[in-house]
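Residue 161 is where the sequence shown starts when you use my numbering, and the numbers rise one by one after that.
Below you'll find the structure, written out as structure tokens, and then a few comments.
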Amino acid sequence: MFKLIVIDGQGGGIGSLVVKRLRDEFGDSVEVLALGTNATATSAMMKSRADKGATGENAIVLNADRADILIGPLSIVLPNAMLGELTPKMAEAIVLSRAKKFLLPLNQEGVNIIGVNKEPLPHLIEKIIDAVKQEIGKGDQDV
């Protein structure tokens with residue numbers, strides 16, 4: 161079973177939308193772990209039917225390397241992002257994780273991704289779902 165980790169902070173709105181779409185698309189055929197930089201974000205993702213949830217720096221550092229795919233906004237790899245909620249240790253653990261990283265290119269934190277067309281969040285989430293489908297399909301071929 162593929163293990164997907166969704167990471168979000170602040171109010172958890174982006175993460176909860178991602179978790180909801182993952183559940184709509186894959187049902188219980190994938191494991192979804194919600195990791196929040198704060199309890200509000202974790203709670204929002206749990207309400208969208210993540211299998212498990214954990215909060216804070218240690219939870220993210222410990223679990224980042226235990227997934228097949230990490231999903232979240234670009235800011236999860238930027239130290240001190242999300243008004244300081246995302247610590248340098250969190251960003252480092254995510255970047256160094258062997259998991260594939262599927263990041264939403266939201267231009268925040270003063271970082272602009274050049275060459276990426278600006279699209280509404282729902283369109284970006286659909287692209288994440290398509291990328292997860294593709295990755296799961298590759299995994300099925302490896303068996």
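In this text, a Cβ means the ideal position worked out from N, Cα and C, and glycines have one as well.
Task: Contacts around A291, its chain only, beta-carbon distance under 7 angstroms, and the 5 residues preceding and following it disregarded - done: F262
Open item on the list: Using 8 angstroms as the threshold, is the C-beta distance between I220 and L195 below it?
Closed with: yes
Task: Cβ neighbour criterion (16 or more within 10 Å) applied to Q170 - done: buried
Task: Sufficient close CB pairs (3 or more, under 8 angstroms) joining the region 246-254 to the region 271-287 - done: no
Open item on the list: I need the straight-line Cα distance from L222 to H283, nearest angstrom please.
Closed with: 31 angstroms
Task: Collapsed DSSP secondary structure at V303 in the structure displayed - done: Confidence is the limiting factor: at V303 the pLDDT is only 42, short of 50, which leaves the residue's position unreliable, though a coordinate-based value still follows. In the structure shown, V303 sits in coil (DSSP, three-state: anything other than H, G, I, E or B).
Task: G173: first and last residue of the uninterrupted alpha helix (DSSP H) it sits in - done: 173-186
TODO: Give the secondary structure of I165 by DSSP, where H, G and I count as helix, E and B as strand, and everything else as coil.
DONE: strand
Task: From V192, P239, L238, S176, residue whose alpha carbon lies closest to that of L164 - done: V192
Task: Spatial neighbours of E217 in its chain, beta-carbon cut-off 7 angstroms, leaving aside the 5 residues before and after - done: T247, K249, M250
TODO: Alpha carbon to alpha carbon, how far is K212 from I273? Give it in angstroms, no decimals.
DONE: 32 angstroms
TODO: Quick one: using the 10 Å Cβ neighbour count with 16 as the cut-off for buried, is D168 buried or exposed?
DONE: buried
TODO: Can you tell me which of the three DSSP states L238 falls into?
DONE: coil
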